[in-house]
Amino acid sequence: MNETIQYIHYINHGVALGYLIACYLFFFSLAEGTHIVSHLSWLYYRQHNYRPLEKVGSFLPFIILAFVSLFLVYDLGHPERALTMMYRWNWTAPVAYGFYVILFCVIAYAFHSYYLFRPEMAVKARNGGAFAGLYKLLLLGKVESGSPEEIRSRHAGGERFWAIASVTLSIVGLIYLGFMLSSFKGRVAWNTAVTIFIFLSQGVSTGAAFLILFTKIKNAIHRPSGQAVADQDGYLAGLSRFLKYALIVQTVVWAIYFLQLQYAGQGGHVAIRMFFSGPRAFQFWLLQVGLGLALPVVLLFQRSLRKMAILRFAAALGTLVGAFYGIVNIFIGGQLLPMTGPAWEKMTPEPGNITFAVVLLAVILAIFLVSYKLLPYENIQMEEA
């Protein structure tokens with residue numbers, strides 16, 4: 210009658226936050242990293258031929274961040290609940306801060322893009338022709354006189370201010386992603402400050418990789434000629450060298466992450482096993498390490514290899530794929546760790562969510578391609594001369 214009865218329950222928690230949230234984290238970091246690398250590269254090279262890519266590095270992140278919250282909204286199941294963040298602020302919810310981080314980044318990117326496009330829009334609006342009416346509308350009817358460089362010099366202060374503001378907010382955004390993930394104390398794979406440096410390193414590496422990748426795509430649409438080709442090869446080689454070192458830093462950060470898990474007790478050991486030999490082992494070793502780290506570093510290691518366009522393209526593409534699976538492995542994998550039972554948690558297939566992610570990505574790319582036809586990305590200094 211006085212015997213103690215003990216009940217043991219193994220509760221299957223499963224993966225509550227799936228691929229849509231992982232896509233949110235990846236495209237958020239991609240947009241922030243692309244903007245950081247594009248602007249800092251312009252500050253380093255100061256070549257007019259690089260200006261179109263800086264416009265890409267500002268306007269495309271603007272488009273991505275304008276749509277990236279839809280990954281979260283769709284994942285809610287009740288999209289109308291997202292509106293509660295506008296009128297009911299919760300200071301203790303790290304996710305709520307993302308709404309304002311994205312909002313401020315979108316505003317900063319929009320103004321920075323406006324100042325980058327303004328000189329070319331003014332000249333084209335003044336000369337007439339295709340889309341002149343659209344440029345006048347975007348300029349609020351204030352069509353300035355002078356060459357593009359003269360107009361740009363008049364507004365150098367405004368462009369510099371929004372450039373600094375947008376780059377600063379981009380760095381804050383990457384720090385926020387790592388901080389948000391580390392705030393989940395019940396997940397041993399996330400609860401570490403190293404996640405901040407993971408997002409920082411992956412953001413700048415994917416930013417450099419995307420700019421290299423996009424240049425290849427842009428050349429298929431509008432290939433430069435003459436001195437512009439030599440200038441482009443110069444900064445692409447520089448971006449490739451930067452990408453190589455960014456990947457090495459990313460490797461060091463991940464090594465520190467696993468070293469920290471080694472001293473995090475039994476939960477940390479299970480997390481390491483999840484990456485190395487558990488349910489995420491294939492994606493970790495083949496896609497994240499092999500395709501996303503080792504292959505790009507090998508392809509970009511020597512200067513002679515970095516000069517080959519096809520190898521740069523392969524290295525950039527591998528980096529983007531590896532970075533995506535890096536985020537998926539730590540985010541999805543962190544939820545596969547057993548919390549109350551001896552077995553790995555299970556993940557329910559998400560065909561509907563994956564379809565939505567693919568469609569949304571297609572919409573983002575379509576809007577950007579349309580903008581590439583409407584907005585004056587290319588320089589017109591030569592035309593003015």
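For this note's numbering, add 209 to where a residue sits in the sequence shown, where the first one is 1.
Built from N, CA and C at the ideal position, the CB exists for glycine as well.
- Rounded to whole angstroms, glycine 499 and glycine 487 show a C-alpha spacing of 17 Å.
- Around the CB of isoleucine 407, 16 or more other CB atoms lie within 10 Å, so the residue is classed as buried.
- Residue state for serine 486 is assigned as coil, using DSSP reduced to three classes.
- For phenylalanine 522, same chain residues with a beta-carbon under 6 Å away, outside a window of 5 residues either side, are Lys425 in chain order.
- Straight across, the Cα-Cα distance linking threonine 401 with alanine 331 is about 49 Å.
- Between leucine 574 and leucine 420 a beta carbon distance of about 16 Å is seen, past the 8 Å cut, so the two are scored as non-contacting.
- Secondary structure note for valine 376: its alpha helix (DSSP H) is the uninterrupted segment 365-391.
- Taking valine 397 as reference, the option from Pro357, Leu496, Tyr472 and Val579 with the minimal CA-CA separation is Tyr472.
- Isoleucine 230 and phenylalanine 280 have their C-alpha atoms spaced approximately 6 Å apart.
- By the CB criterion at 8 Å, glutamate 329 and proline 585 fall inside the cutoff.
- For proline 560, the number of other beta carbons within 10 angstroms of its own is below 16, and it is reported as exposed.
- Distances from the alpha-carbon of valine 572 to those of Ala365, Arg327, Leu274 and Val315 put Leu274 closest.
- Here the alpha carbon of leucine 496 sits roughly 43 Å from the alpha carbon of leucine 347.
- Comparing alpha carbon positions, the residue from His257, Tyr228 and Pro270 closest to isoleucine 245 is Pro270.
- Looking from the CA of arginine 515, the closest CA among Ala418, Met548 and Asn428 belongs to Ala418.
- DSSP, read as helix, strand or coil, puts glutamate 358 in helix.
- Going by beta carbons, alanine 532 and glutamine 411 fall inside the 8 Å limit.
- Inter-residue distance for methionine 389 and isoleucine 539 is about 13 Å (C-alpha atoms, whole angstroms).
- The three-state secondary structure of methionine 330, taken from DSSP, is helix.
- Annotation: glutamate 241 to leucine 409 spans about 9 Å, alpha carbon to alpha carbon.
- Taking the CA atoms as reference points, tyrosine 534 sits about 21 Å from leucine 520.
- In the three-state DSSP reduction, threonine 213 falls in the coil class, being neither helix nor strand.
- Contact between the stretch 442-451 and the stretch 473-481 is not established, with fewer than three Cβ pairs separated by less than 8 Å.
- With respect to the 8 Å criterion, glycine 443 and arginine 489 are not classified as neighbours on the basis of their beta carbons.
- Secondary structure of glycine 227 (DSSP, three-state): coil.
- Classified as buried, threonine 528 has 16 or more neighbouring CB atoms from the shown chains inside 10 Å of its CB.
- When DSSP states are grouped into helix, strand and coil, alanine 341 belongs to the helix group.
- Within the model, the alpha-carbon separation for threonine 415 versus glycine 337 is close to 39 Å.
- Take the alpha-carbon of serine 322 and the one of threonine 404: they are about 30 Å apart.
- For glycine 350, no alpha helix (DSSP H) encloses it, and the DSSP letter there is neither H nor E.
- Nearest Cα to isoleucine 360 within the set Ala319, Val381, Lys333 and Lys394: Lys333.
- Going by C-alpha positions, leucine 312 is about 34 Å away from phenylalanine 467.
- Between tyrosine 283 and phenylalanine 565, the CB-CB gap stays under 8 Å.
- Taking 3 residues as the minimum length, the stretch 255-288 contains no beta strand (DSSP E) run wholly inside it.
- Taking each of Leu526, Trp371, Tyr385 and Leu386 in turn and checking the Cα distance to alanine 503, the smallest one comes out for Leu526.
- When only Cα atoms are considered, valine 277 and valine 507 end up about 33 Å apart.
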